[in-house]
Amino acid sequence: LSPDPYLFSFFRFIGGVGVGASSVAAPTYISEITTASNRGKLVALYQFNLVLGILIAFFSNYLLEGFQGENDWRWMMGVEAIPAFLYTVLVMTVPESPRWLLHKKKDEQGAFAVLNQVYDKQETQRKIDSIKTELAKTTDDVKLFTARFKKPLILAFLIAFFNQVSGINFILYYAPEILVKAGLATEDSLLNSISIGVVNLIFTFVGVGLIDRLGRRTLMFIGSFGYIISLFTVAWCFYSGASPALLLTFILIFIASHAVGQGAVIWVFISEVFPNKVRAYGQSWGTGTHWVFAALITLLTPVFLDGEDGIFKDNPWPIFAFFAFMMFLQLLFTKFMMPETKGISLEELEEKILG
Numbered sequence: 006l007s008p009d010p011y012l013f014s015f016f017r018f019i020g021g022v023g024v025g026a027s028s029v030a031a032p033t034y035i036s037e038i039t040t041a042s043n044r045g046k047l048v049a050l051y052q053f054n055l056v057l058g059i060l061i062a063f064f065s066n067y068l069l070e071g072f073q074g075e076n077d078w079r080w081m082m083g084v085e086a087i088p089a090f091l092y093t094v095l096v097m098t099v100p101e102s103p104r105w106l107l108h109k110k111k112d113e114q115g116a117f118a119v120l121n122q123v124y125d126k127q128e129t130q131r132k133i134d135s136i137k138t139e140l141a142k143t144t145d146d147v148k149l150f151t152a153r154f155k156k157p158l159i160l161a162f163l164i165a166f167f168n169q170v171s172g173i174n175f176i177l178y179y180a181p182e183i184l185v186k187a188g189l190a191t192e193d194s195l196l197n198s199i200s201i202g203v204v205n206l207i208f209t210f211v212g213v214g215l216i217d218r219l220g221r222r223t224l225m226f227i228g229s230f231g232y233i234i235s236l237f238t239v240a241w242c243f244y245s246g247a248s249p250a251l252l253l254t255f256i257l258i259f260i261a262s263h264a265v266g267q268g269a270v271i272w273v274f275i276s277e278v279f280p281n282k283v284r285a286y287g288q289s290w291g292t293g294t295h296w297v298f299a300a301l302i303t304l305l306t307p308v309f310l311d312g313e314d315g316i317f318k319d320n321p322w323p324i325f326a327f328f329a330f331m332m333f334l335q336l337l338f339t340k341f342m343m344p345e346t347k348g349i350s351l352e353e354l355e356e357k358i359l360g
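Residue numbers (my numbering): 6 to 360.
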C-alpha cells in the first residue's frame, strides 16, 4: 500500500526489526528449554521453518506473477502479513525461558514448571540446581565484550560471517537473475527458483535429523566440501559457457550442501557457545553479524550483476570463485577452531569453551 519509496523503506525497516528480534530470541529460547541430546535437532528446526517459509514465498511469487501487472510485487509482499499475524498470536502462548526466570525474576517455581514439561521431577531439580550454580559464578554487571568472552565472540562472528560469504543469500535473493544469466528462459526462472526452495527444504530436514547424531563439526565438514566443489563448478560453468542444466544442477548441489551444513548448524552453534548470563547478548552479536553481512551482499550485488553497469554483468564467474575460496577458509575454521558441542549441557559447554 506504500505510495512512495520512503514509506515503503520505513515499514521494511520495521519488518526487519521483527525478523531480527525473532532470530535472536527463537534459537536462544529453544536451546534453553530442551535436553542436551535433542538441542541441536530442535534449534535446527528454526532453520527448517525459515527454509519452509522461503519455499512458500517462491511458490507464492510464482503464482502471483502476472496477477496485477506492475503491482504484482505488492501482492507478493502483502501476503506475508498472514503468517506474520499467526506467528504473533501463537508466540503469546509460549512460556518464559527457565534460565531467564531464574536469572531475571528469581522465580524458581516458574522455572521448575517450565522444565518439568521436558524432564521428570528429579532431573528438573538437578537442572534448576545446575543453572543456579552457574548463575552464582558471575556478577549481574557482566559485560559481553571482555577478554573472558573473546573465544565465543570470535566463534559466533566467524560462523555467521562464513554463512554469508558462502553466497547463500546471493543465490536465494537473486536466483531468477542468476538463472537467466545461466541461459535459462526468463519465464522459467521463477519456476526453477522453486526447485532451489524444494532442495533447500529437503536437505535442511536431513541436516535436522543428523545434527545430534553426527555432530556440528561433521556437518560443517560435509557442507564445506560440498560448497567448494559446487561453487568452483558453477564458476567453471559460467566461465566456459557450459549447459544451463549442468549449472543449475551444481547450484542445487550448493543449496543441498548449505542446508546440511551451515544452514542446520549456525543457529544451534551460536545459541550454544555463550554462557547463560550473556547468551541473549551473544546471540544478538552472532545474529547481527549474520544480518549485517546479508545486507551488505544485498547492497553490493547490483554493483556486480546490474545489466547495464555491473562489473560482472556479462559473466559472474569470479563471484562464485570468490565464494568457493571463502568456503576453503571455512573448512580451515572448522578443522582448527570450531569445538564440538553435541550432547553437552549448556553449563558444561561454558566450562569447555571458557575454561
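Note that the Cβ used here is the ideal one computed from N, Cα and C, for glycine as well. In this text the structure is predicted, and so the values were computed from the model without any measurement.
Test item: CB-CB of residue i and residue j under 9 Å
i    : j    : result
P321 : L310 : yes
A252 : F328 : What sits at residue 252 in the sequence shown is Leu, not Ala. No; because the gap between Cβ atoms is not below 9 Å, this pair is not in contact.
F64  : G202 : yes
A187 : P249 : yes
F154 : L359 : yes
M332 : L160 : no
F298 : V119 : no
L336 : I233 : yes
E128 : G115 : no
M225 : T346 : no
G287 : I271 : no
G172 : F13  : no
F330 : A264 : no
L91  : N281 : no
L2   : Y67  : There is no way to answer for residue 2, as the model of the chain reaches only from 6 to 360.
Among the options, nearest to residue i - alpha-carbon criterion
i    : options                : result
G268 : G45, I35, S27, I38     : G45
I133 : F154, R104, V123       : R104
I302 : F166, T129, G214, N197 : F166
M81  : F162, A62, K357        : A62
I199 : F210, L184, V211, V213 : L184
S276 : L69, V96, L354         : L354
P323 : S245, L351, T346       : S245
E356 : T294, T138, A247, P100 : T138
S289 : V211, F150, R131       : F150
V213 : D9, G266, Q130         : G266
L296 : S14, F13, F18, L12     : Sequence inspection shows Trp at residue 296; the Leu mentioned does not correspond to that position. Comparing Cα positions, the closest option is F18.
T294 : D112, F15, S28, L12    : S28
V283 : F208, V99, V24, P157   : P157
S7   : G25, A247, N76         : N76
F210 : Y51, G23, V24          : Y51
G348 : L219, A247, T254, V123 : L219
I256 : A247, V239, L57        : V239
F317 : G71, E182, V99, K110   : E182
L55  : G25, L69, R79          : G25
D319 : S350, G20, F243        : F243
D9   : L69, V99, T93, R79     : R79
L334 : P344, L163, T223       : L163
Beta-carbon separation (whole angstroms), residue i vs residue j, contact threshold 8 Å
i    : j    : result
I59  : N205 : 7 Å
T33  : A285 : 6 Å
S135 : E352 : 5 Å
A31  : I216 : Contact doesn't hold; Cβ gap of about 16 Å is too wide.
V273 : R221 : 7 Å
Closer than 8 Å: residue i CB and nearest the ligand FAD heavy atom
i   : result
N76 : Among the ligands in the structure shown, none appear at all, so the ligand FAD cannot be discussed.
- Message: With a threshold of 8 Å, are at least 3 pairs of Cβ atoms found where one atom belongs to the region 86 to 105 and the other to the region 220 to 239?
- Response: no
- Item | Three CB pairs or more closer than 8 Å across the region 173 to 180 and the region 254 to 269 | yes
- Task: Examine the Cβ distances between the region 103 to 118 and the region 33 to 42 and report whether three or more of them are shorter than 8 Å.
- Result: yes
- Ignoring anything shorter than 3 residues or poking outside the region 225 to 268, list the beta strand (DSSP E) runs there in chain order. none
- Message: So within the region 97 to 174, which uninterrupted alpha helix (DSSP H) runs reach at least 4 residues, ignoring any that extend past its ends?
- Response: 113 to 120, 126 to 141, 155 to 169
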